[in-house]
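Written out below as structure tokens is the structure these notes cover.
Residue numbers (the UniProt record's numbering): 1 to 227.
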């Protein structure tokens with residue numbers, strides 16, 4: 001895979017989430033109606049109320065809109081409504097074309113730091129008790145309990161497909177010589193089944209929905225509590 005643009009390291013934003021104790025229980029906040037993505041710091045009128053400071057979210061997909069949707073999905077699973085320090089870059093993937101040659105395609109990558117943003121407002125729809133001030137702990141719990149992330153097995157399936165194809169082609173030759181026309185058709189059917197099975201089972205590149213990963217130097221917490 002060729003990388004077209006280096007993502008760079010995630011820049012630290014000079015903003016810190018305020019502690020739960022700094023807010024009154026009855027205080028209310030105006031929060032964004034839609035998921036927010038910030039290339040740098042969170043912009044006014046919002047501020048960071050909570051942050052998963054030990055983690056970053058990274059997604060990739062061949063479809064740009066799906067990549068954006070998966071980015072939002074990963075954050076909402078832990079209670080975040082925004083990402084700051086977002087980086088976007090593309091890489092070029094390769095796969096065997098339907099005809100001859102190699103098919104090249106663009107893979108879209110996003111990476112950012114999950115947070116919950118809002119601003120104090122007496123008429124806001126979000127009360128302080130509903131703000132996930134424990135966002136970092138939620139992220140730790142989610143990472144501990146999550147199922148293993150889907151992996152890209154396309155290369156393995158391509159290898160198996162090639163192996164089955166060669167095996168079935170050999171069987172086709174053997175059956176044709178030993179059984180004549182019935183053997184030829186049996187081998188041909190075997191080849192078709194192998195090709196269709198490989199196409200259906202192979203997940204292709206870039207289908208892993210998202211990754212919520214620990215930052216370098218951070219350690220996964222071992223305490224156990226419910227969200």
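Every residue, glycine too, gets a C-beta built ideally from N, C-alpha and C.
Keep in mind the model is a prediction, meaning the values are calculated, not measured.
Residue 73, DSSP secondary structure in three states: Here residue 73 sits in helix by DSSP.
Closer than 6 Å: residue 42 CB and nearest the ligand MG heavy atom: This structure lacks the ligand MG; in fact it carries no ligand of any kind.
C-alpha distance - residue 83 paired with residue 35, whole-angstrom precision: Distance between the alpha carbons of residue 83 and residue 35: 8 Å.
Residue 26 - DSSP class collapsed to helix/strand/coil: Coil.
Beta-carbon proximity of residue 60 to residue 109, cut-off 7 Å: yes
Close-in-space but distant-in-sequence residues of the same chain around residue 213 (CB under 7 Å, 5 per side omitted): 55, 56, 58
Residue 121 and residue 30 closer than 7 Å at C-beta: yes
Limits of the unbroken beta strand (DSSP E) element including residue 116: Residues 102 to 120.
Residues sharing a beta bridge with residue 80, DSSP: Bridge pairing for residue 80: absent [DSSP].
Cβ-Cβ separation, residue 85 to residue 136 (assumed contact under 8 Å), whole Å: The pair is not a contact, with the Cβ atoms about 16 Å apart (cut-off 8 Å).
Pick from 28, 217, 50, 127 that is closest to residue 79, judged by C-alpha positions: 50
Spatial neighbours of residue 220 in its chain, beta-carbon cut-off 7 Å, leaving aside the 5 residues before and after: 140, 143, 144, 214
Rounded straight-line distance, which links the Cα of residue 88 to that of residue 134: 27 Å
With 16 other Cβ atoms within 10 Å as the buried cut-off, status of residue 146: exposed
Buried/exposed call for residue 72, threshold 16 Cβ in 10 Å: buried
Residue range of the alpha helix (DSSP H) that includes residue 143: 135 to 145
CB-CB length for residue 125 against residue 132, believed under 8 Å: The pair is not a contact, with the Cβ atoms about 15 Å apart (cut-off 8 Å).
Cβ-based burial, residue 114 [other Cβ within 10 Å; buried from 16]: buried
Where residue 50 sits in the DSSP three-state scheme: strand
Cβ pair residue 128, residue 27 closer than 7 Å: Between residue 128 and residue 27, the C-beta spacing is below 7 Å.
Close Cβ partners of residue 211 (< 8 Å) along its chain, the five nearest in sequence each way excluded: Apart from sequence neighbours up to five positions away, the residues of its chain that approach residue 211 with a beta-carbon distance below 8 Å are 57, 58, 59, 74, 149, ordered along the chain.
Same chain, Cβ closer than 6 Å to residue 64, five either side skipped, listed in chain order: 108
Segment limits, beta strand (DSSP E) that includes residue 33: Run containing residue 33: none; DSSP gives neither H nor E here.
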